[in-house]
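> Structure in structure tokens, see below.
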Amino acid sequence: MREYRGKRVDNGEWIHGYLIGNDVIVGDIVEFTDEYFCTEFWYKVDPETVGQYTGLKDRNEKDIYEGDISEGEHAIYLILWDEQKAQLRAKVIKTKYVLIKHCLFPLWQYVEDDGKCRFGLIGNRFDNPELLGEVRE
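Here it is as structure tokens:
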């Protein structure tokens, strides 16, 4: 089961755990019977901020989630899930070269032999919208 992250609605803190529905993240199960289960924590999160862990790490060993912004040698990318292709993709946001802005590349293209991605995380689309050229409302 993959881990998710999302921002708590009560205080805006990032929380990591398992997604229930589209707006609750829970921790590991600590006790259960046939009739109930109890988790370490249970927080309501803003569904707009929910992102799944990709299973990959950046070049600095940081976990990569949907919605993260990364910087490679030649471009800045937004990590996202592409419904049409059913795969994680890196969307070009800014580049020094002749690449079409917003073109998508499969995330696996950036994975090195050691399992780490070639780029480093520099933020995410929720805390750092300025990296995408967006203005926070």
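Going by full-length UniProt numbering, the sequence shown opens with residue 1, and the numbers climb by one from there. Every residue, glycine too, gets a C-beta built ideally from N, C-alpha and C.
According to the neighbour-count rule (16 or more other Cβ atoms, all chains shown, within 10 Å of its Cβ), is E73 buried or exposed?
Exposed, since its Cβ has fewer than 16 Cβ neighbours within 10 Å.
> Would DSSP call C117 helix, strand or coil?
If DSSP states are grouped into helix, strand and coil, C117 belongs with the strands.
> Out of L80, Q87, L88 and E71, which one is the CA nearest neighbour of K96?
For K96, the nearest C-alpha among the options comes from E71.
> Tell me which residues share the same chain as Q52 and place their Cβ nearer than 6 Å to its Cβ, disregarding the 5 neighbours each side in the sequence.
Closer than 6 Å at Cβ, skipping near neighbours: R2, Y4 and E66.
> Can you tell me the Cβ-Cβ gap for D28 and E40, rounded? I've got them flagged as a contact below 8 Å.
About 5 Å separates the two Cβ atoms, so the contact holds.
> For N124, name the three-state secondary structure that DSSP assigns.
In this structure, N124 counts as strand in the three-state DSSP scheme.
> Answer yes if the segment 55-66 comes into contact with the segment 110-120, meaning at least three C-beta pairs across the two stretches below 8 Å, and no otherwise.
Contact between the segment 110-120 and the segment 55-66 is present, because at least three Cβ pairs lie under 8 Å.
> Where does T33 sit, in a helix, a strand or coil, going by DSSP?
In the structure shown, T33 sits in coil (DSSP, three-state: anything other than H, G, I, E or B).
> Using DSSP with H/G/I as helix, E/B as strand and the rest coil, what is Y97?
If DSSP states are grouped into helix, strand and coil, Y97 belongs with coil.
> Using the three-state DSSP reduction, which class does E130 fall into: helix, strand or coil?
Helix.
> So, with DSSP's three-state summary, where would you put E13?
It is coil, neither helix nor strand.
> Report the partner residues of F105 according to the DSSP bridge assignment.
DSSP output for F105 lists A90 as bridge partner(s).
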